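What follows is one structure encoded as C-alpha cells, with my remarks underneath.
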Amino acid sequence: MKAQQLAATVAHLILEKKGENIIIQDLRGLTSITDFFVICSVEVDVQAKAIMEHIKEQLVYQSIKPWHTEGTAASNWLLLDFVDVVVHIFKREAREFYSLERLWGDAPITEIKESDDAATTYKDDAKDDA
C-alpha cells in the first residue's frame, strides 16, 4: 500500500472510532523523517487506546504492522510509526500545547470530515498530490 493510501486509510479508521479534528499532513519534500503525518484529537484515554488498537487490528489484515509505537493509554500522546506514515493521537490539550502541525506550516493539510453518507476530504492547499 502506498504511503498516501495508508494515510487515508488510517484517517478513516480514526473516524470510525470518533476521533476528532483529523488531518493528514503531506510532508513529502519538506522532511526526510516521514511522508505523512496523520493527527487526531480525543477526549479521553480510553478513546485514544481504542483508536490505536483499531488501527493496528485493521491493518494487520493487510499485513501492515507499525514499526514502532509510543505512549500508553494514560498518556496524552500516542504514536504509531509506519515509517512513511506517522500517526499521532493526542488528547486535546496536548495537541494544542505541542501544535505539531505548525512545525511544517508549508505542508499541505487535508482535513477528514464525516458527512451524512461517507467521509470526505477538504484540501487546505491547492497543491497536487503527485
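All residue numbers for the sequence shown refer to this note's numbering, where the first residue is 378 and numbers rise by one.
Yeah, the Cβ is synthetic: ideal placement off N, Cα and C, and Gly gets one too.
Values in this document were obtained by computation on a predicted structure and should not be read as measured data.
- prompt: Can you tell me the Cα-Cα spacing of H431 and D483, whole angstroms?
  reply: For the purposes of this step, residue 431 is taken as residue 54 along the sequence shown, with counting starting at 1. For the purposes of this step, residue 483 is taken as residue 106 along the sequence shown, with counting starting at 1. For H431 and D483, the distance between alpha carbons rounds to 30 Å.
- prompt: So the alpha helix (DSSP H) E430 belongs to, where does it begin and stop?
  reply: The count along the sequence shown starts at 1 and reaches residue 430 at position 53. E430 -> alpha helix (DSSP H) spans 422 to 437.
task: Report yes if the CB atom of A450 is closer than 9 Å to the CB atom of V423, and no otherwise.
output: Numbered from 1 along the sequence shown, position 73 holds the residue referred to as residue 450. Numbered from 1 along the sequence shown, position 46 holds the residue referred to as residue 423. The Cβ-Cβ distance between A450 and V423 falls below 9 Å.
- prompt: Q439: buried (16+ other C-beta within 10 angstroms of its C-beta) or exposed?
  reply: Position 62 of the sequence shown, counted from the first residue, corresponds to residue 439. The residue in question, Q439, is exposed, as its Cβ has fewer than 16 Cβ neighbours within 10 Å.
query: Within 8 Å: the Cβ of L392 and any heavy atom of the ligand PLP?
result: The model on display carries no ligand, and the ligand PLP is accordingly not part of it.
message: Please give me, in chain order, every unbroken run of the beta strand (DSSP E) with length at least 3 that falls completely inside the stretch 431 to 493.
response: Qualifying beta strand (DSSP E) stretches, in chain order: 445 to 447, 454 to 458, 462 to 468, 486 to 491.
query: Per DSSP, what kind of secondary structure is I410 in: helix, strand or coil?
result: Stepping through the sequence shown from its first residue, residue 410 is reached at position 33. Correct three-state label for I410: coil.
Supposed contact pair I399 and L392 - C-beta distance, whole angstroms, cut 8 Å: Along the sequence shown, read from residue 1 onward, the residue named residue 392 stands at position 15. Along the sequence shown, read from residue 1 onward, the residue named residue 399 stands at position 22. Yes, they are in contact, since the Cβ atoms of L392 and I399 sit about 6 Å apart, within 8 Å.
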